[in-house]
């Protein structure tokens with residue numbers, strides 16, 4: 017079955033272009049669109065889309081809409097779509113509980129990747145803002161001087177590897193730094209993803225940010 021999508025953006029031209037783009041893809045179907053955030057909540061409650069693409073530019077009352085969506089359409093996942101890339105703006109979206117954040121200048125391929133990730137139950141963070149979010153998380157955790165346990169238990173080694181993954185380390189650099197083989201690191205990463213039910217690196221970063229388990233390791 018195609019992924020059912022609801023569009024909420026104040027620009028009729030943008031909505032029309034995005035609808036035309038998505039309707040060319042057999043994996044997606046647009047079930048509705050609106051330029052008003054609270055109307056989007058009502059439509060989501062009625063239509064029960066798999067994903068709501070919600071603008072976060074400030075023209076829509078999207079903060080309140082996001083909170084209402086979790087109450088009135090809890091099965092729908094929310095992809096924040098924004099032209100703004102300021103750190104405070106991105107972190108606000110994540111802290112409000114969005115399942116993904118994507119910039120409006122993203123490629124068609126990245127949009128598809130984000131939608132497929134959310135459709136599969138994962139979380140997505142635009143590659144353009146990922147380093148900025150990691151940096152903020154590291155600074156925040158350094159000031160706090162500690163970490164919190166994740167919602168689902170991970171071993172000490174898995175937490176260590178998760179921190180390194182979230183910092184942007186490659187599999188080889190993690191293996192070299194910890195004195196492990198590449199296959200061992202890959203096995204740990206697979207176990208982490210399985211245990212957390214998160215199957216992409218941006219999703220792991222979001223989890224680490226929200227659970228407060230990233231810290232400086234130098």
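Numbering (my numbering), first residue to last: 17 to 234. Each residue gets a CB set at the ideal place from its N, CA and C atoms; glycine is no exception. Quantities reported herein were computed from a predicted structural model and do not represent experimental measurements.
Check                                                                                                                                                              : Outcome
Identify the continuous beta strand (DSSP E) that holds residue 24 and give its terminal residues.                                                                 : 19-24
Residue 101: which of 129, 71 and 181 sits nearest, CA to CA?                                                                                                      : 71
Measure the beta-carbon distance from residue 49 to residue 20 and round it to whole angstroms, keeping in mind my assumption that it falls under 8 Å.             : No, residue 49 and residue 20 are not in contact; Cβ-Cβ is about 12 Å, not under 8 Å.
Using the rule of at least 16 other Cβ atoms within 10 Å of the residue's Cβ for burial, across every protein chain shown, is residue 133 buried or exposed?       : buried
Determine the direct distance from the alpha carbon of residue 229 to that of residue 169, and round the result to whole angstroms.                                : 12 Å
Following the continuous alpha helix (DSSP H) through residue 98, name the residue where it begins and the one where it ends.                                      : From DSSP, residue 98 is part of no alpha helix (DSSP H) but of the beta strand (DSSP E) over 93-98.
Does the ligand NAD have even one heavy atom less than 7 Å from the beta-carbon of residue 115?                                                                    : Because no ligand of any kind appears in the structure shown, any question about the ligand NAD cannot be addressed here.
Determine the contact status of residue 220 and residue 182, defining contact as a CB-CB distance below 8 Å.                                                       : yes
Can residue 174 and residue 204 be called in contact, C-beta distance under 8 Å?                                                                                   : yes
State whether the stretch 80-89 contacts the stretch 34-46, with contact taken as three or more CB pairs (one from each stretch) at a distance under 8 Å.          : no
Please confirm if the stretch 63-70 is in contact with the stretch 87-100, defined as three or more CB-CB distances below 8 Å between the two stretches.           : yes
Residue 171 to residue 117, Cα distance in whole Å?                                                                                                                : 29 Å
Mind checking whether residue 106 and residue 68 have CB atoms under 8 Å apart?                                                                                    : no
Using the beta-carbon count (16 or more within 10 Å), is residue 40 buried or exposed?                                                                             : exposed
Take residue 202 and list the residues in its own chain whose beta-carbon comes closer than 8 Å to its own, dropping the five residues that flank it on each side. : 187
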